[in-house]
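Only one structure is covered here, and it is reproduced in the block below.
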Amino acid sequence: MGADERLRGVDIVSLTRRKVEPMVRGLFPRAEQDAVLAVLERSVVFVTPANIVQVLLKSSWLNTAWDLANLYLLGVGAELLGGDAPRILGLSEHTTCYVSLSYFDEESPFADFLVHEAAHVFHNCKRRTAGLPETRRRKWLLDIDYRKRETFAYACEAYSRILETGGSRQARMALADDYVASAAPCDERVSLSEVVEFVREAAAARNGWKRILARCAPPTSAGTRASVTAATAARRHGPEDLGGPPSPTR
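Count along the sequence shown from 1, add 2, and you get the number used in this note's numbering.
See the structure below:
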């Protein structure tokens, strides 16, 4: 099947909303859910032969363009740009989620890198961007520990698939056990044991989304938060006001 044919008949906005709505409903108060959904449902860009040039020209950083070029090449089954090229399926930049066409070929029952990238928007997007009131203590859609952002995204990704498939608590717990047995993800930026632990806790909870968020919250000490911010300000996948490029997925 040709690259663009995989998107034929796909309403990307509807697909995105269907995938992210359970996560938004579980993480945000009712009064804020529609505003957050309005941001997310138009955030996804599938990288195709028709838009790859525009996507690359809009990239804020050279290494982001490099990552996106390889994401595209991998998605269309072409040779990557080098032996050290990243083999990634998704990448988030501010409120845009770039997703490989490989999304439609994924066979893993616990993989959904559209949800994974959307989860990163929560710490990349300021509340005022979504039209929500902002305070000194509430600047971003969600406050997530810098060091646990990938853990948060992987846990949300797996839990979304568990919710989509498991209709009861018992079924969700069984699926969580299956996820543990699959030993995914394989990403040096996260602790596999932590992701597995958080997913199992979420599957057992009434609101698993809140459980994942609580486990990925930043340190409560203001001093600790300040030191973490200073140490990571120049690193990748920082919030938009730090001026750093995004971090690719997988």
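Backbone N, C-alpha and C define an ideal beta-carbon position, used for all residues, glycine too.
Bear in mind that the values here come from a model prediction, so they are computed numbers and not experimental data.
Taking Q35 as the centre and dropping the five residues before and after it, the same chain places the C-beta of V26 and R27 closer than 8 Å to its C-beta, in chain order. With respect to the 8 Å criterion, V101 and F48 are classified as neighbours on the basis of their beta carbons.
The alpha-carbon of L215 is positioned some 14 Å away from that of A160.
Annotation: G92 to H122 spans about 11 Å, alpha carbon to alpha carbon.
Per the DSSP secondary-structure output, C99 pairs in a beta bridge with V46 and S94. Excluding the 5 residues flanking it on each side, V197 has same chain C-beta neighbours closer than 8 Å at T153, Y156, A157, A160 and P187, in chain order.
In the DSSP assignment, D69 falls within the unbroken alpha helix (DSSP H) covering L64 to G77.
In the three-state DSSP reduction, K21 falls in the helix class (H, G or I). In the three-state reduction of the DSSP assignment, K128 falls in the strand class, which pools E and B. Under the DSSP assignment, R174 falls in the alpha helix (DSSP H) whose first and last residues are R171 to S184.
Contact fails between the segment 125-137 and the segment 76-92, because fewer than three Cβ pairs, one in each stretch, are under 8 Å apart.
For R202, the enclosing alpha helix (DSSP H) stretches over residues L194 to A206.
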